[in-house]
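These protein sequence lines map, in sequence, to chains A and B. Taking my numbering, the leading residue of the first sequence gets 1, the next gets one more, and so forth. Taking my numbering, the leading residue of the second sequence gets 1001, the next gets one more, and so forth. We put the beta carbon where it would ideally sit given N, CA and C, even for glycine. If you're wondering where the values come from, they're calculated on a predicted model, not measured in any experiment. Notes follow once the structure below has been shown.
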Amino acid sequence: MREILVLLKYGLKGSGIFSRKKRGRGIPVVIPSLVFVFAFGIPMYLILRENFSYLLSAISSDQVELLMSFWCFFLTIISITTLFPFVVYSLIRNEEIEMLLSFPISRGGIIVYQTILTLMSESFLTVFFLFGFLAYTDALGHSRMISILISLTYILFLISLSMLIAVIFGRFLGKHNARKIHIMMYFVNILFFVLFSQMNPSVLRNMSVERALEYLAFIEKIIMNPLNPAYLPILSLKHPSVLPIMVFSVIILFFVSYRLSESVSFEIVYKKREKSEIFSPGKAIKTFSIFSKDLRVFFRNEHMVFMMFYSIGFPLIYVIFSKDFSFSFPLMIYISGFYTALASAFLSSQEYIVIPLSKSLPLKQEKLFLPKLIIPSFLYTIVYIIFNIIYILMVGDFLILLTIPFTFLLYLFSSYLGISFYLKKPTMNTKKVISGVRIYALEGLVLLVGALTSIAVFLYVYMKDSLVRFLGEVFTDLFGIALPIAVSIFLIHYISRGMKKVADIFSRLD
Amino acid sequence: MIEALNLVKKFGDFTAVDGINLKILPGEIYGFLGPNGAGKTTTIRMLTGTLKPTFGKIRILGMDMEDHEMEIKRSIGVVPEEPKLYPYLKGYEFLNFITEVFREDPKEMKRRIEELCDAFDVDFLERYISEYSHGMKQKLMVISVLMRKPKVIFLDEPTVGLDAKSAKILKMLLKKMAEEGATIFLTTHILEIAEKMCSRIGIIDKGKLIAEGTLEELRKMEGEFKASLEDLFLKLTGQGEEVERIVKEL
């Protein structure tokens, strides 16, 4: 126990020897978390208590309980899917773990320490649960002390459960897979959030009374099931024997995960395969070897994959909430254009960090950088086409397809900017390939060229009347047809000339 | 064959390599020695086409570097000082990549890789390179070069990071390849390696080639007939007396 406290003392202080991200300048990392907890938690508590009091006077307490159980269920899933991947990821051999393993500290202690630090960085979970639950119990008139005790026990329960899952996953996950799980869980969280938002009263409004009752009964059966751990806090308000069970579960879970963690090697377990099974080069053309290599690199970087999903996910969520596509198209074009540039910069960085090897390959520099231009533009265009298909399925209008060639060109231009910006100021830090003023310049250029090409076509097709009112007939045609075509021709010329320069810049790099 | 004629490399006002002339014949193992910052790596980078010389001519296997850069790169093998490899690839994917980029015969490469993996105790090809230690990367780099049996091989500190067995195997393999007609150009700070392996030695200091020849020729040149390569090296680079003074003061 003492060792964990010592670790936390330095870890939460943000000591330089601990390599966690976002260390403050002398400010203990625990302080921003605490500030956030109270600054966000207290107003949330006041609003929710008011809401619960109103609901209790307007509908039956069973219905309010269902609502609160739903809230607990939602937060439990989000907490576990957020906490455990973070813990697994932090356990897979990073600098800090390497160092801690050389100290006389038990492995269990390291895992507890990492879990607590993770919880501190994800303090919004504590806020949502603690203050939401307190608002509910206060509105019901329960003892505040008991409510706080129940909330804290449940938070500990979530930590222990996440720790156990993390330890189990940590036994067989490598660094790459831990990263993938980490990102995958982001998507699970987003998906769950969207699903949760769909289970609201507006859904019930569209159902018949019988169907709505069936639906509610089904939800109740899952959410208010005594075997559902997420229902434990609510249940413990009704039955005093549940709290000791929760405490006991926390102790059991904690010790099981602590004991299991003692055998975690923090190493990756490999399955051996026959060499002949794994080595299978094809008679590929050289350029395609670079393409396939870069494709692999792209899909193995979790941020690249996340960015691609985000570029379609975010506009889609917007559409789900607003039922409006007119803003989501420009939004998607802008986000994707920017991410295309970052992806190309990232792929270029992969050549720079191995520059002695890249330069010794029997390949012209143009060929080496062509996949960096094509792959991100092509992949983001596919994502854009998928978004178009969703639009066609929902709205039934095919005219949107006219924007695809312009969008592809915009992405090619963004890719070129990404490569060019990176090579003009290359860095070994592949997590931050473009930084500072260049980020703003990149955003500005993508937005500008996007507005002059695909967004102009989009506006011309869907908002022509408004444009005519504003610009007049002739200028509207110039804006919606002539301008995008002229800019596109210029872009093709600019990119093809620029790629020759890119090869030249790379050949001069050391 | 490796030829360099009056090779010069300047970085701004600083001259890293200053008029070097080299002629290394097939079957030779040429040891290129020098203190830190003498210009060894810069020379290797120019000879392998990864750095353009400010002045001078390079001919590899009778081909001019300026006109036949790609053909030269396809025919040579380079083991750089730092084994920097694509971190997101697995070991075997990297070897696949090299096979395809260099247009080698996949069947022949597969056989060679299996032999070399056995020789260097490599059983980690299905791991991601980002998870490799320095020694593991070095082994992969060495395999990726030796599997192609290039006619000219450049190695910059090849034994750094290798375990004793692998280092010994590498040295013996290089000797065997030289006997079969390959030209080997290597730099090392471990002078015993150069003494035992190299048929000829060149010593570079402050960008200039200050001595060149077999070990016997270097001894004759300095009039030290029983001196070790280490003693000769320190004497030639003017570091011998300095070493003695430092040790005395300590």
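In its own chain, which residues sit with a C-beta less than 6 Å from the C-beta of residue i, not counting the 5 before and 5 after it?
{"i": "residue 260/A", "result": "167"}
{"i": "residue 1134/B", "result": "1161"}
{"i": "residue 1044/B", "result": "1154 and 1156"}
{"i": "residue 1195/B", "result": "1229"}
Ordered along the chain, which non-local residues of its own chain (more than five positions away) have a Cβ less than 8 Å from that of residue i?
{"i": "residue 106/A", "result": "3 and 262"}
{"i": "residue 438/A", "result": "421 and 425"}
{"i": "residue 231/A", "result": "69, 72, 73, 223, 224 and 225"}
{"i": "residue 311/A", "result": "332, 335, 336, 339, 380 and 383"}
Looking at C-alpha atoms only, which residue of the options is the closest neighbour of residue i?
{"i": "residue 246/A", "options": "219/A, 152/A, 296/A and 335/A", "result": "152/A"}
{"i": "residue 240/A", "options": "350/A, 149/A and 75/A", "result": "149/A"}
{"i": "residue 293/A", "options": "353/A, 375/A and 126/A", "result": "375/A"}
{"i": "residue 360/A", "options": "1146/B, 1075/B and 1106/B", "result": "1075/B"}
{"i": "residue 1148/B", "options": "1122/B, 1132/B, 1121/B and 1114/B", "result": "1114/B"}
{"i": "residue 81/A", "options": "480/A, 488/A and 191/A", "result": "191/A"}
{"i": "residue 512/A", "options": "307/A, 305/A, 304/A and 329/A", "result": "What the structure shows of chain A is the stretch from 1 to 510, and residue 512/A is not part of that stretch, so it cannot be assessed."}
{"i": "residue 289/A", "options": "1227/B, 1100/B and 1225/B", "result": "1100/B"}
{"i": "residue 449/A", "options": "462/A, 461/A, 465/A and 489/A", "result": "489/A"}
{"i": "residue 295/A", "options": "1057/B, 1089/B and 1077/B", "result": "1089/B"}
For the alpha helix (DSSP H) that contains residue i, what are its first and last residues?
{"i": "residue 1002/B", "result": "Careful: residue 1002/B lies outside any alpha helix (DSSP H), inside the beta strand (DSSP E) at 1002-1011."}
{"i": "residue 139/A", "result": "124-140"}
{"i": "residue 1123/B", "result": "From DSSP, residue 1123/B is part of no alpha helix (DSSP H); its letter is neither H nor E."}
{"i": "residue 153/A", "result": "144-170"}
{"i": "residue 411/A", "result": "404-424"}
{"i": "residue 391/A", "result": "365-395"}
{"i": "residue 59/A", "result": "Careful: residue 59/A lies outside any alpha helix (DSSP H) and carries neither H nor E."}
{"i": "residue 317/A", "result": "302-322"}
{"i": "residue 469/A", "result": "464-471"}
{"i": "residue 450/A", "result": "437-452"}
{"i": "residue 1129/B", "result": "From DSSP, residue 1129/B is part of no alpha helix (DSSP H); its letter is neither H nor E."}
{"i": "residue 1231/B", "result": "1229-1236"}
{"i": "residue 338/A", "result": "328-352"}
Buried or exposed, going by whether 16 or more other CB atoms sit within 10 Å of the CB of residue i?
{"i": "residue 1118/B", "result": "exposed"}
{"i": "residue 35/A", "result": "exposed"}
{"i": "residue 1150/B", "result": "buried"}
{"i": "residue 22/A", "result": "With a pLDDT of 46 at residue 22/A, under the threshold of 50, the predicted position of this residue should be treated as unreliable, and no value is reported."}
{"i": "residue 508/A", "result": "exposed"}
{"i": "residue 1110/B", "result": "buried"}
{"i": "residue 24/A", "result": "Low local confidence applies: a pLDDT of 47 at residue 24/A is under 50, so the model's placement there is unreliable, and no value is given."}
{"i": "residue 345/A", "result": "buried"}
{"i": "residue 65/A", "result": "buried"}
{"i": "residue 1250/B", "result": "exposed"}
{"i": "residue 141/A", "result": "exposed"}
{"i": "residue 169/A", "result": "buried"}
{"i": "residue 182/A", "result": "buried"}
{"i": "residue 1214/B", "result": "exposed"}
{"i": "residue 43/A", "result": "exposed"}
{"i": "residue 451/A", "result": "buried"}
In chain order, what residues of the same chain lie with their CB nearer than 7 Å to the CB of residue i, ignoring the 5 residues before and after it?
{"i": "residue 1039/B", "result": "1016, 1017, 1204 and 1207"}
{"i": "residue 8/A", "result": "113 and 116"}
{"i": "residue 408/A", "result": "377 and 381"}
{"i": "residue 250/A", "result": "153, 156, 157 and 160"}
{"i": "residue 297/A", "result": "347 and 350"}
{"i": "residue 385/A", "result": "404"}
{"i": "residue 1234/B", "result": "1240 and 1243"}
{"i": "residue 314/A", "result": "335"}
{"i": "residue 118/A", "result": "83, 86, 87 and 90"}
Where does the unbroken beta strand (DSSP E) through residue i begin, and where does it stop?
{"i": "residue 1019/B", "result": "1014-1024"}
{"i": "residue 1056/B", "result": "1055-1060"}
{"i": "residue 1212/B", "result": "1208-1213"}
{"i": "residue 1079/B", "result": "1076-1079"}
For a contact defined as C-beta to C-beta under 8 Å, what are the partners of residue i on chain D?
{"i": "residue 1088/B", "result": "Absent here is chain D; the protein component of the structure consists of chains A and B."}
Exercise. Quick one, which residues of the segment 1023-1052 of chain B are near chain A if we go by CB-CB under 8 Å, in chain order?
Worked result: 1045, 1048, 1049, 1050, 1051 and 1052
Exercise. According to a CB-to-CB cut-off of less than 9 Å, which residues of the segment 357-380 of chain A neighbour chain B?
Worked result: 357, 358, 359, 360, 361, 362, 363 and 364
For this session: Select from the segment 1108-1128 of chain B all residues with a C-beta closer than 7 Å to any C-beta belonging to chain A, and list them in chain order.
Result: 1109, 1110, 1113, 1114, 1117, 1123, 1125, 1126, 1127 and 1128
For this session: Taking a Cβ distance cut-off of 9 Å, strictly less, list which residues of the segment 1200-1214 of chain B are near chain A, in chain order.
Result: none
For this session: Below 7 Å between beta carbons is the criterion; list the residues of the segment 286-301 of chain A that meet it against any residue of chain B, in chain order.
Result: 286, 289, 293, 296, 297, 300 and 301
For this session: Would you list, in chain order, the members of the segment 1142-1158 of chain B that have their beta-carbon closer than 8 Å to a beta-carbon of chain A?
Result: none
Problem set entry | Residues of the segment 1215-1228 of chain B whose Cβ lies closer than 7 Å to any Cβ of chain A, in chain order | none
Exercise. Using a beta-carbon distance cut-off of less than 9 Å, what residues from the segment 1064-1075 of chain B approach chain A?
Worked result: 1069, 1070, 1071, 1072, 1073, 1074 and 1075
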